[in-house]
Amino acid sequence: MKFAHAILALALASAAGAIAARPVDMRVNDSAVVDDGMPRKLSDYGFFTDAARQLPVKGVVPYRLNTPLWSDGAEKLRFVYVPAGMQAKADGEGLLQFPVGSALVKTFAFGEGSDRRLVETRVLLHRADGWIALPYLWNAEQTEATLAVAGARVPVTTPAGEQISYRVPNKNQCKECHGLDGVVTPIGPKARNLAPEWLASFNKAGHLDRMPDGVTPLPLWEDRAKVAPDLAARAYLEANCAHCHRPGATASNSGLDLRWEQHDPQAIGIMKHPVAAGRGAGDLTYDIVPGDPGQSILVFRMSSPEPGVAMPELGKQSVDRDGVDVVSRWISGMRD
Amino acid sequence: MRFLIGTAALALAAPAWAETITVDAGADAQQRLQEALILAQPGDEVVLGAGRFALDDGLSLDVDRVTLRGAGMDETVLDFTGQKDAGEGLLVTSDGVTLRDFAVENPRGDGIKSKGADDIVYYRVRVRWTAGPKATNGAYGIYPVESSNVLIDGVQVSGASDAGIYVGQSRKITIRNSIAEANVAGIEIENSRDALVENNLATRNTGGILVFDLPNLPVEGGGNVIVRGNLVVANDTPNFAPPGNIVASVRRGTGVLVMANDHVLVAHNWLVGNPTAQVMVVAYLKSFDDKRYNPYPRYVTVGHNHFERGGYDPQIGGKEALLAAFGGSLPPVLWDGLHDGNTPALALAEGVPGWTLNLTAQGQGVESARPGPLQAPAPEGKFDESGIGAPAELDARIR
Chain A
0 MKFAHAILAL ALASAAGAIA ARPVDMRVND SAVVDDGMPR KLSDYGFFTD
50 AARQLPVKGV VPYRLNTPLW SDGAEKLRFV YVPAGMQAKA DGEGLLQFPV
100 GSALVKTFAF GEGSDRRLVE TRVLLHRADG WIALPYLWNA EQTEATLAVA
150 GARVPVTTPA GEQISYRVPN KNQCKECHGL DGVVTPIGPK ARNLAPEWLA
200 SFNKAGHLDR MPDGVTPLPL WEDRAKVAPD LAARAYLEAN CAHCHRPGAT
250 ASNSGLDLRW EQHDPQAIGI MKHPVAAGRG AGDLTYDIVP GDPGQSILVF
300 RMSSPEPGVA MPELGKQSVD RDGVDVVSRW ISGMRD
Chain B
0 MRFLIGTAAL ALAAPAWAET ITVDAGADAQ QRLQEALILA QPGDEVVLGA
50 GRFALDDGLS LDVDRVTLRG AGMDETVLDF TGQKDAGEGL LVTSDGVTLR
100 DFAVENPRGD GIKSKGADDI VYYRVRVRWT AGPKATNGAY GIYPVESSNV
150 LIDGVQVSGA SDAGIYVGQS RKITIRNSIA EANVAGIEIE NSRDALVENN
200 LATRNTGGIL VFDLPNLPVE GGGNVIVRGN LVVANDTPNF APPGNIVASV
250 RRGTGVLVMA NDHVLVAHNW LVGNPTAQVM VVAYLKSFDD KRYNPYPRYV
300 TVGHNHFERG GYDPQIGGKE ALLAAFGGSL PPVLWDGLHD GNTPALALAE
350 GVPGWTLNLT AQGQGVESAR PGPLQAPAPE GKFDESGIGA PAELDARIR
């Protein structure tokens, strides 16, 4: 529900901003996006009219994912920017193909309402020589976010009430998740993980060349109890695991491929031995044992916060109980 | 000192000359060292001062041709005892990197992993879990994977709950002059080709040196491996691997294990005090579903080695009867009897004694063995060594 709220709030706030306060000439600083170098401040890009309230300038479009990546329960505010006069290209149900000059912006926040604190904003910039991923750390006053190439640790209280040392990833760690075949790539905005209505409006606004073909949307995360367990679980694994666990990515050598489109039982872990899991396997023998989540390494590693055991390896200091539940329910219902 | 300058330097184009960036131990070591590794330019050298670097997260390097150099494997210690995140102590994902003269202690996962990192040199690096062999230790000490051209020289690894020195899904590899002690597997070559394992000491591991291929991996077809001139001594630590891993099936007291591999030479090693088997040549043990995978040993040659005190306390069911039948200890070479059709599984140099389990089907349990003396053919011609080992160019970086 929080995601829906956030989007709604953004939409309202943006509308209000447009009427009241937004200067007509506020726009994105394209040279910060495309030129070499690493801008030191988030404000250098001009993505926001009011960054503290996360109100974007015209042309910076908020979006949500149907099933998102979980990051210690952080609220995520996502935006996409495509330069004026340019368009992203639809590519079936896969990633929208953004032109050079585009940016994806994701802000991580904890706390509700007036207690909300922005912790970090990650930007993915499409430059002539490829995508670059940079992390920005918000100051205590919430007036600016500053480049933190080496990342940081920030104490936060998660929505589950846990006190954690939240990890802002360093620039290399950005690539660990965003790396595919040696280059940085976006992960989230695949057509199948975006709302058809959003795609339609993005297309109507001129940012997308056409409506993507053949898209079966991933289920909405908040509908997880209502949809078939395999759909909810596979969508979760796609959004939370498959950026590494797929050919060409960080965990390719494991042979485990958790992409939505992978249907080979062994490849998705069913009765598959671990390869390099080490103590991450615990006392268990297979990634997934049909009918028995308690004997499945997948569930064991998702349920652990301990480095060396925990999966995902990055961006997780606590356990996603809802994620564990969804995957466990799916495995429980599997037949041999 | 470029990383200290910050903004101004960030905007500059890469300099045409290589720089030396010094990082000392002390407060904020995590931040300072990680920043140096990110802001280094290709060709730069990041020099670590002597002392203990207390690190609370994994480190990573993604810049080509960087050298990370400490003051010595006993002088510069990257201490990951307080690590809160990441799957390894140091992760390298760029090409042409040299890692030398430092130690990594108590990483929560793997020690140093290099993935898709070609032309890498590990020289006089130490990885150690200081509490000794424990199942809660990380899996691999030194862990190059999916890489070509790997030189590992003079390293020391102990305590790994899987393999001390592990090379997986890679080609053109040399591991030499190194010490692997008190790991489950001392040195392991997995799903890799063209590997030379030479002049190392493997002791107090569960198994000393392992060469094998596993199914259902992106890279298969391991082979062209030479295991030569190593001291494989007293590998008698009870297996402490987590049960789901393949090395959990390694029997305590295995000297050299060759499983499901093609063209492997085991020669001129000193194999002493390995109580289950000095050399074991077997097919993959488990059932599998993978059409690309060949589970059998093919063209394995066991040449002349020094065999002493082996097979005296085998971790094999019915060992009393076996020991009695073979006169107190088992012959040094154990074969499971399985082979791939008409392709010979192994050849033994003249006078090398062996025994066979006489299994008849892959995946069959040892309990159905019909043990007997092994009559294997002598090697035909010289083992073809061409193309095996890391390219000689890598040697230049350790002179």
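Line by line, the protein sequences are chains A and B.
Here numbering that gives the first Met the number 0 is used: the first residue of the first sequence is 0, the next is one more, and so on.
Here numbering that gives the first Met the number 0 is used: the first residue of the second sequence is 0, the next is one more, and so on.
Glycine residues also receive a C-beta, built at the ideal position from the N, C-alpha and C atoms.
Asked	Found
Mapping DSSP to helix, strand and coil, what is G322 (chain A)?	helix
Less than 7 angstroms between CB atoms is the rule here; does S302 (chain A) satisfy it with respect to chain B?	no
Can you have a look at T202 (chain B) and say buried or exposed, based on whether 16 or more other CB atoms are within 10 angstroms of its CB?	buried
Bridge partners of A401 (chain B), per DSSP?	Outside the modelled stretch of chain B, which goes from 0 to 398, sits residue 401 (chain B), for which no answer is possible.
Can you list the residues of chain A that Q361 (chain B) reaches, using a CB-CB cut of under 9 angstroms?	Within 9 angstroms Cβ-Cβ: nothing; Q361 (chain B) doesn't reach chain A, min ~16 angstroms.
Using 7 angstroms as the threshold, is the C-beta distance between P352 (chain B) and P376 (chain B) below it?	no
Looking at chain B, is there any beta carbon in it that lies within less than 7 angstroms of the beta carbon of R258 (chain A)?	no
Against chain B, does L297 (chain A) count as a neighbour if the rule is that its beta carbon must be under 7 angstroms from one of theirs?	no
Report yes or no: is there a C-beta of chain A within less than 7 angstroms of the C-beta of A266 (chain B)?	no
Mapping DSSP to helix, strand and coil, what is K189 (chain A)?	strand
When Cβ atoms are compared, which residues of the segment 90 to 122 of chain B fall closer than 8 angstroms to chain A?	L90, T92, P106, R107, G108, D109, K114 and G115
Taking only the alpha-carbon atoms, compute the straight-line gap between E384 (chain B) and R291 (chain B) and give it to the nearest angstrom.	25 angstroms
So with Cβ pairs under 7 angstroms, would you call S147 (chain B) a contact of chain A?	no
Curious, which full-length beta strand (DSSP E) runs of at least 3 residues does the segment 314 to 391 of chain B contain?	332 to 334, 345 to 347 and 353 to 355
Of the residues that make up the segment 159 to 182 of chain A, which ones have a beta carbon closer than 8 angstroms to any beta carbon in chain B?	S164, R166, N169, K170, N171, Q172, K174, E175, G178 and G181
One question on the structure: do A24 (chain B) and R51 (chain B) come within less than 7 angstroms of each other, judged by their Cβ atoms?	yes
Which residues does DSSP list as the beta-bridge partners of D90 (chain A)?	A:E92
How about E119 (chain A): is its C-beta nearer than 7 angstroms to some C-beta of chain B?	no
Measure the beta-carbon distance from L313 (chain A) to P168 (chain A) and round it to whole angstroms, keeping in mind my assumption that it falls under 8 angstroms.	6 angstroms
How many angstroms separate the CA atom of R121 (chain A) from the CA atom of G93 (chain A)?	22 angstroms
Counting pairs of Cβ atoms below 8 angstroms between the segment 297 to 310 of chain A and the segment 95 to 112 of chain B, do you hit three or more?	yes
Check distances from the C-beta atoms of the segment 167 to 187 of chain B to those of chain A and list, in chain order, the residues that come in under 8 angstroms.	G167 and Q168
Find out if the Cβ-Cβ distance for the pair P390 (chain B), N148 (chain B) is shorter than 7 angstroms.	yes
What are the residues that DSSP puts in a beta bridge with P134 (chain A)?	A:R121
What did DSSP end up calling F201 (chain A) once you bin it into helix, strand or coil?	helix
The beta strand (DSSP E) that contains E197 (chain B), what's its start and end?	R192 to E197
With the cut-off set at 7 angstroms, would you say I269 (chain A) and I287 (chain A) are in Cβ contact?	yes
So with Cβ pairs under 7 angstroms, would you call A85 (chain B) a contact of chain A?	yes
Which residues in the same chain as D55 (chain B) place their Cβ atom closer than 7 angstroms to its Cβ, once the five residues preceding and following it in sequence are excluded?	Q29, G81, Q82 and K83
Quick check: is any heavy atom of the ligand COA less than 6 angstroms from the C-beta of D114 (chain A)?	This structure simply doesn't include the ligand COA, nor any ligand for that matter.
Going by CA-CA distance only, name the one from A:T48, A:P61 and A:G84 that's closest to G205 (chain A).	A:G84
To be precise: take each residue of the segment 137 to 164 of chain B, compare its Cβ to all Cβ atoms of chain A, and keep it if any distance is under 9 angstroms. Which residues remain?	G137, A138, Y139, Y142, V144, E145, A159, S160 and D161
Does DSSP put M333 (chain A) in a helix, in a strand, or in coil?	coil
Could you give the first and the last residue of the continuous alpha helix (DSSP H) run that contains I296 (chain A)?	I296 to M301
Looking at chain B, is there any beta carbon in it that lies within less than 7 angstroms of the beta carbon of N252 (chain A)?	yes
Can you give me, in chain order, the residues of the segment 269 to 293 of chain A that have a beta carbon less than 8 angstroms from any beta carbon in chain B?	K271, H272, P273, V274, A275, A276, G277, R278, G279, A280, G281, D282, L283, T284 and Y285
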